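A.B. asks:
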């Protein structure tokens with residue numbers, strides 16, 4: 001089985017007529033992804049690469065039985081787009097937009113939890129399941145196989161670019177990925193490392209997981225607690241970038257909105273220590289991943 005995304009997923013793109021969304025739609029269709037509808041208010045009757053455009057997501061859901069949506073709208077409109085998805089019965093929402101206002105994010109993430117709707121992002125490049133040749137978001141671009149080949153290793157990354165890089169390292173080690181997922185780089189996101197590890201734990205087609213992390217948040221500490229308590233039992237390979245940031249002024253943002261050390265929390269060295277004590281294979285150098293995976297997994 002796959003986590004979250006498979007060949008049966010029925011996908012819509014909110015904001016499909018935008019330049020980036022249209023490009024992502026073309027690449028996803030070329031890969032084999034089943035995108036059935038797009039949504040841009042005022043553009044109904046148009047099409048993008050043969051995909052019909054509707055004024056509302058509710059209409060797209062009624063006609064195409066959509067269960068997954070990808071949000072490509074400006075930050076100020078993400079709140080309304082997510083609430084429309086929730087009210088339309090969508091179960092999985094992937095938000096590509098970055099720098100979403102934090103108050104908006106707090107409100108729509110709370111509404112999503114109440115409705116049992118899974119949110120990936122904001123600021124996610126998407127996810128991919130190579131076995132089923134399905135991807136959403138910009139992940140993989142137009143040359144998917146360069147980094148993403150089918151296999152049995154899960155990949156979780158805060159960084160969009162490092163989602164591809166981590167998957168490429170898995171490929172270099174002689175393995176492939178089951179599902180590779182960019183969980184998002186904004187300060188407030190819908191799904192944590194721990195949440196995805198729990199999904200990979202029950203996935204019979206995932207044997208191990210690679211995570212790429214950054215300064216800031218408590219996600220790695222939560223993952224360490226999960227490991228220590230026996231909630232995740234598969235091999236976990238973890239790299240946390242940015243140890244140099246611990247010597248920088250508190251509150252400095254590094255790359256992503258969520259990559260910030262504040263009040264002594266979020267330090268890479270602390271995350272590394274807790275994961276190592278919990279039994280994860282923690283990398284001091286990212287380049288060591290291929291060798292370590294070969295040694296541990298054979």
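Residue numbers (the UniProt record's numbering): 1 to 298.
Beta carbons: idealized from backbone N, C-alpha and C, even for Gly.
Quick caveat: nothing in here was measured; it's all calculated off a predicted structure.
Would you mind working out which of 68, 98, 170 and 72 sits nearest residue 292, comparing C-alpha positions?
C.D. replies: The residue given as residue 292 occupies position 292 in the chain shown. For the residues 68, 98, 170 and 72, the minimum Cα distance to residue 292 belongs to 170.
A.B. asks: In the DSSP assignment, the alpha helix (DSSP H) including residue 160 goes from what residue to what residue?
C.D. replies: Position 160 of the chain shown, counted from the start, is the residue given in the question as residue 160. 160-172 is the span of the alpha helix (DSSP H), which, as asked, contains residue 160.
A.B. asks: Cutting at 6 Å between CB atoms, please list the residues of its own chain near residue 256, excluding the five before and the five after it.
C.D. replies: Locating residue 256 in the chain shown gives position 256, counting from the first residue. Summary for residue 256: the model assigns pLDDT 48, below 50, so the residue's position carries little reliability; its value from the coordinates is reported in the next sentence. Taken in chain order, the residues that qualify are 185.
A.B. asks: Distance, Cα to Cα, residue 42 vs residue 55?
C.D. replies: Counted from its first residue, the chain shown places residue 42 at position 42. Counted from its first residue, the chain shown places residue 55 at position 55. Using only the alpha carbons, I get a separation of about 6 Å.
A.B. asks: Just the Cα atoms here: how many angstroms apart are residue 266 and residue 12?
C.D. replies: One-based indexing of the chain shown puts residue 266 at position 266. One-based indexing of the chain shown puts residue 12 at position 12. Those two C-alpha atoms are separated by around 35 Å.
A.B. asks: Return yes when the Cβ of residue 192 is within less than 9 Å of the Cβ of residue 232, no when it is not.
C.D. replies: If you number the chain shown from 1, residue 232 lands on position 232. If you number the chain shown from 1, residue 192 lands on position 192. Not in contact: residue 232 and residue 192 (Cβ atoms no closer than 9 Å).
A.B. asks: To the nearest angstrom, how far is it from the Cα of residue 148 to the Cα of residue 164?
C.D. replies: Indexing the chain shown from 1 puts residue 148 at position 148. Indexing the chain shown from 1 puts residue 164 at position 164. Whole-angstrom Cα-Cα distance: 7 Å.
A.B. asks: With a cut-off of 8 Å on the beta carbons, I'd call residue 209 and residue 197 a contact; round off their distance for me.
C.D. replies: Working through the chain shown from its first residue, we reach residue 209 at position 209. Working through the chain shown from its first residue, we reach residue 197 at position 197. Between residue 197 and residue 209 the Cβ distance is about 6 Å, and since that is below 8 Å, they are a contact.
A.B. asks: Can you tell which of 166, 187 and 138 has its C-alpha closest to the C-alpha of residue 289?
C.D. replies: To locate residue 289, count along the chain shown from 1; it is residue 289. Taking only the C-alpha atoms, the option nearest residue 289 is 166.
A.B. asks: Does the pairing of the region 17-28 with the region 57-77 give three or more beta-carbon distances under 8 Å?
C.D. replies: Judged by Cβ distances under 8 Å, the region 17-28 makes contact with the region 57-77, as three or more pairs qualify.
A.B. asks: Under 8 Å: do the region 137-145 and the region 75-91 share three or more Cβ pairs, one atom per stretch?
C.D. replies: With a cut-off of 8 Å, the region 75-91 and the region 137-145 do not count as touching, because too few Cβ pairs lie within range.
A.B. asks: Might you give, ordered along the chain, the residues of its own chain that have their beta carbon closer than 8 Å to the beta carbon of residue 281, omitting 5 neighbours on each side?
C.D. replies: Position 281 of the chain shown, counted from the first residue, corresponds to residue 281. Counting only Cβ-Cβ distances below 8 Å, and skipping sequence neighbours, we find 235, 236, 237, 238, 292 and 296.
A.B. asks: Among 201, 240, 241 and 205, which residue has its Cα nearest to the Cα of residue 227?
C.D. replies: Locating residue 227 in the chain shown gives position 227, counting from the first residue. Among 201, 240, 241 and 205, the Cα nearest to that of residue 227 belongs to 201.
A.B. asks: Can you tell me the Cα-Cα spacing of residue 175 and residue 138, whole angstroms?
C.D. replies: If you number the chain shown from 1, residue 175 lands on position 175. If you number the chain shown from 1, residue 138 lands on position 138. Approximately 22 Å, taken between the alpha carbons.
A.B. asks: In this structure, what does DSSP give as the bridge partners for residue 154?
C.D. replies: Residue mapping note: residue 154 aligns to position 154 of the chain shown, counting from 1. Paired residues: 209.
A.B. asks: What is the residue span of the beta strand (DSSP E) that residue 296 lies within?
C.D. replies: Taking the chain shown and counting its residues from 1, one reaches residue 296 at position 296. Premise fails: residue 296 lies in the alpha helix (DSSP H), 289-297, not in any beta strand (DSSP E).
A.B. asks: Return the chain-ordered ranges of every alpha helix (DSSP H) run that is complete within the UniProt domain "CoA-binding" (4-100) and spans a minimum of 4 residues.
C.D. replies: Taking only runs of at least 4 residues, the alpha helix (DSSP H) segments lying wholly in the UniProt domain "CoA-binding" (4-100) are 19-31, 57-64 and 78-87.
A.B. asks: Could you tell me how far apart the beta carbons of residue 126 and residue 94 are, in whole angstroms, since I believe they sit closer than 8 Å?
C.D. replies: Your numbering for residue 126 matches position 126 in the chain shown. Your numbering for residue 94 matches position 94 in the chain shown. Indeed they touch by this definition, with Cβ atoms about 6 Å apart.
A.B. asks: Quick one: grab the DSSP three-state call for residue 234.
C.D. replies: Here residue 234 refers to the residue found at position 234 when the chain shown is read from its first residue. Coil.
A.B. asks: Out of 35, 190, 122 and 81, point me to the one whose CA is closest to residue 57's CA.
C.D. replies: As a working mapping, residue 57 is identified with position 57 in the chain shown. Closest option to residue 57, Cα to Cα, is 81.
A.B. asks: Which of the three DSSP states is assigned to residue 189 in this structure?
C.D. replies: Within the chain shown, numbered from 1, the residue matching residue 189 stands at position 189. Three-state DSSP puts residue 189 in coil, outside helix and strand.
A.B. asks: Can you find the residues in the same chain that come closer than 7 Å, C-beta to C-beta, to residue 28, ignoring five residues on each side of it along the sequence?
C.D. replies: Indexing the chain shown from 1 puts residue 28 at position 28. Closer than 7 Å at Cβ, skipping near neighbours: 35, 135 and 136.
A.B. asks: Output yes or no for whether 9 Å exceeds the beta carbon distance between residue 151 and residue 182.
C.D. replies: Counting from 1 along the chain shown, the entry for residue 151 is found at position 151. Counting from 1 along the chain shown, the entry for residue 182 is found at position 182. The answer is no: Cβ separation not under 9 Å.
A.B. asks: Which residue wins for smallest C-alpha separation from residue 221, given the options 84, 119, 100 and 275?
C.D. replies: Here residue 221 is taken as the residue at index 221 of the chain shown, counted from 1. Checked all of 84, 119, 100 and 275; the closest Cα to residue 221 is 275.
A.B. asks: For residue 51, which residues in the same chain have their Cβ closer than 8 Å to its Cβ, ignoring the five residues on either side in sequence?
C.D. replies: As a first step, residue 51 is located in the chain shown; it is residue number 51 there, counting from the start. Once the five neighbours on either side are set aside, the close Cβ partners of residue 51 are 13, 16, 25, 29, 35, 36, 37 and 38.
A.B. asks: May I ask whether a heavy atom of the ligand MN can be found less than 8 Å away from the beta carbon of residue 85?
C.D. replies: Ligands displayed in this structure: none; no statement on the ligand MN is therefore possible.
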